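> Residue numbers (this note's numbering), protein chains in the order written: chain H, 324 to 489; chain F, -12 to 107.
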Amino acid sequence: MDKMKISQSNFSIFKPMSKTERQEAHSNPFGINFKGNILASDVFEPTKTQEASNSTNPFATFSKLTNKSKMAASAIVGSMNSFNEAFRSRLNSVISFGRQIKDNIVSSWEKAKNTEISLDFRSLANSISSKFNNQYSVNNLLKRPVDDLHAMFAIEHAAYKESLKA
Amino acid sequence: MKTNRIDNIIEALGRHEDPKSIEVLEEIGTNSEIDEIREKTAHALIRKNTPESLRVVIASAGKGINDLSARVAMSAINEILGLNDKTEVLKVLEETMNSSEKSEVKDTARSVKALITYSM
């Protein structure tokens, strides 16, 4: 009785195959597709021998059924493979998105670390006081007598006219 | 910057309680060569909404609604139409239609009055 060691057994049938490998592995010369998947099973088995054997084989109908089940099984395996590919590509896009976010966070953190925040209170106070002490603001102008506004209007009007000429 | 100052002066004169402010606006603003300033002055006088200020923009030839610039005239008419209280305007328009010597001024006043009545 032969003893079979597990280490000796060939597990190549479980190895995932690329599309081209799959095409080379079977004898299907036309690359027949079933629902978008190339059929891995050899559906082009010689029929004559089968017919010959059919005459004697009482389980001929069963062999036909097994051929059909072969096709179905190969289609399922093919679809599983394509599903894997689609899943892998989506996973890759999710991973790259995550990496991009991580890079962005790291770069913004670096930028924040290297940014100095300073507040110039003097210039801020000056700008605020200039806003409130602007003699040409409407509120301040309203406090002035009309004669002053008359003079200011005349001066500003003349200056504006000159600026348009220049 | 300069136009901002002028805008503020016109605005302040328009809101000033001293009636002399109308004279200042008429003297410098409505007689200006610059359309923009005439337009803003007309707006300030209309917003004052007093018989004296409205007379300047309604009954004076070449000023306010009678301005030679269509843009200034239309802008003044638009400002009049936008007033909430139009009682003073209607009084001045009626007065102008009955008493003005110039037929052009009378016609404009009549048209503006018709516009106000239709828009009310």
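Beta carbons: idealized from backbone N, C-alpha and C, even for Gly.
In this text, all values refer to a predicted model and were calculated from it rather than measured experimentally.
(1) Determine the closest residue to H/H473 out of F/I15, F/Y105, F/K100, F/D54, with distance taken between C-alpha atoms.
(2) Are there 16 or more other CB atoms within 10 angstroms of the CB of F/S106, so buried, or fewer, so exposed?
(3) Taking all protein chains shown into account, decide if F/D5 is buried (16 or more other Cβ within 10 angstroms of its Cβ) or exposed.
(4) Roughly how many angstroms lie between the CA atoms of F/I52 and F/I64, to the nearest whole one?
(5) Does DSSP put F/D54 in a helix, in a strand, or in coil?
(6) What does F/V11 reach in chain H if we use C-beta pairs closer than 8 Å?
(7) Who are the neighbours of H/V461 on chain F, taking C-beta pairs under 8 Å?
(8) Once you ignore the five residues that flank F/I9 on each side, which residues in its own chain have a CB closer than 6 Å to its CB?
(9) Please decide whether H/K488 counts as near chain F, where near means a Cβ-Cβ distance under 8 Å.
(10) At the 8 Å Cβ level, is F/K7 part of the contact set with chain A, yes or no?
(11) Does the beta carbon of F/S56 come closer than 8 Å to any beta carbon on chain H?
(12) Which value, in whole angstroms, describes the spacing of the CA atoms of F/I67 and F/A29?
(13) Can you pull the chain H neighbours of F/S19, defined as C-beta to C-beta under 7 Å?
Taking the geometry as given:
(1) One-based indexing of the first sequence puts residue 473 of chain H at position 150. It is F/I15 whose Cα lies nearest to the Cα of H/H473.
(2) Position 119 of the second sequence holds residue 106 of chain F. The residue in question, F/S106, is exposed, as its Cβ has fewer than 16 Cβ neighbours within 10 Å.
(3) Reading the second sequence from its first residue, position 18 is the one you call residue 5 of chain F. It is exposed - the Cβ of F/D5 has fewer than 16 other Cβ atoms within 10 Å.
(4) On the second sequence, position 65 is the one that residue 52 of chain F refers to. On the second sequence, position 77 is the one that residue 64 of chain F refers to. So the two alpha carbons sit approximately 6 Å from each other.
(5) If you number the second sequence from 1, residue 54 of chain F lands on position 67. Note: F/D54 maps to coil in three-state DSSP.
(6) As a working note, residue 11 of chain F is residue 24 in the second sequence. Ordered by position in chain H, the residues that pass the 8 Å Cβ test against F/V11 are V469, L472, H473, F476.
(7) Counted from its first residue, the first sequence places residue 461 of chain H at position 138. Within 8 Å Cβ-Cβ: N(-5), E(-2), A(-1), R2.
(8) Here residue 9 of chain F is taken as the residue at index 22 of the second sequence, counted from 1. Around F/I9: E39, S40.
(9) Here residue 488 of chain H refers to the residue found at position 165 when the first sequence is read from its first residue. It does not; no Cβ of chain F falls within 8 Å.
(10) Going by chain labels, chain A is absent from the structure shown, which instead holds the protein chains H and F.
(11) Taking the first residue of the second sequence as 1, we reach residue 56 of chain F at position 69. Chain H, which has no Cβ nearer than 8 Å to the Cβ of F/S56, makes this no.
(12) On the second sequence, residue 67 of chain F is found 80 positions in, with the first residue counted as 1. On the second sequence, residue 29 of chain F is found 42 positions in, with the first residue counted as 1. Near 10 Å, if we compare the C-alpha coordinates of F/A29 and F/I67.
(13) Translated into positions along the second sequence, residue 19 of chain F becomes position 32. Chain H residues near F/S19: H480.
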